[in-house]
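Asker: Read in order, the letters of the sequence shown are residues 602 to 708 in my numbering.
Starting off with a structure, shown below.
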Amino acid sequence: VLFDPDAAGQKASKRTALILLEQGFYVTVAVLPEGLDPDEYIIKYGADKFKTITQTGKDIVTYQLDKFLNGATAISAKEKSEFAAEIMDIISRQQDNFKISELYYFV
Numbered sequence: 602v603l604f605d606p607d608a609a610g611q612k613a614s615k616r617t618a619l620i621l622l623e624q625g626f627y628v629t630v631a632v633l634p635e636g637l638d639p640d641e642y643i644i645k646y647g648a649d650k651f652k653t654i655t656q657t658g659k660d661i662v663t664y665q666l667d668k669f670l671n672g673a674t675a676i677s678a679k680e681k682s683e684f685a686a687e688i689m690d691i692i693s694r695q696q697d698n699f700k701i702s703e704l705y706y707f708v
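Structure representation (structure tokens):
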């Protein structure tokens, strides 16, 4: 999945990823550099570079982990606990038992 980089787009990315997980898809999330919207990126860099970005997305757990840790200097115990619950919710929606085992190992 790839949505606009603003808060609404990121929220939509997560919501869409969870729906897809529940339907048995293995979800990756791609992020465009420079905070560009998909249409802006294609206009500036072209469709081939856009395709490359979409093929290098991160699995949803890694994406959420990176987003959580990005720029974090001090994370409270409460924040860690809430994040762990969020990640476990994501993992529990994964339909593929092999992928679930792989993700539990990651966490």
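Even glycine gets a Cβ: it sits at the ideal position worked out from N, Cα and C.
Excluding the 5 residues preceding and the 5 following residue 602 in the sequence, name in chain order all residues of the same chain whose CB lies nearer than 6 Å to its CB.
Answerer: For residue 602, where only same-chain residues beyond five positions count, the Cβ hits under 6 Å are 614, 617, 618, 630.
Asker: Along the chain, which unbroken stretches of the alpha helix (DSSP H) at least 4 residues long are found entirely within the region 608-648?
Answerer: DSSP runs (the alpha helix (DSSP H)) wholly in the region 608-648: 608-623, 639-646.
Asker: Got a sec, what are the start and stop residues for the alpha helix (DSSP H) residue 725 sits in?
Answerer: A query on residue 725 cannot be resolved here, the shown segment of the chain reaching from 602 to 708 and no further.
Asker: Pop quiz: residue 560 and residue 621 are said to be a contact at Cβ under 8 Å. What is the actual Cβ separation, rounded to whole angstroms?
Answerer: Since the first residue shown for the chain is 602 and the last is 708, residue 560 is missing from the structure and cannot be characterised.
Asker: Pull up the distance between the alpha-carbon of residue 679 and that of residue 689, whole angstroms please.
Answerer: Whole-angstrom Cα-Cα distance: 15 Å.
Asker: Tell me which same chain residues have a C-beta within less than 6 Å of the C-beta of residue 610, skipping the five on either side of it?
Answerer: Result list for residue 610: 604, in chain order.
Asker: Once DSSP output is grouped into helix, strand and coil, what is the label at residue 678?
Answerer: Three-state result, residue 678: helix.
Asker: Quick one: residues in its chain with C-beta nearer than 6 Å to the C-beta of residue 658, no 5 flanking neighbours on either side, listed in chain order?
Answerer: Excluding residues within five positions, the ones whose Cβ falls inside 6 Å are 629, 630, 631.
Asker: With a threshold of 6 Å on Cβ separation, who are the neighbours of residue 696 within its own chain once the five nearest residues in sequence on each side are excluded?
Answerer: Only 625 meet the Cβ criterion.
Asker: Mapping DSSP to helix, strand and coil, what is residue 655?
Answerer: Correct three-state label for residue 655: helix.
Asker: Look up residue 673 in the DSSP assignment and say whether it is helix, strand or coil.
Answerer: Three-state DSSP puts residue 673 in coil, outside helix and strand.
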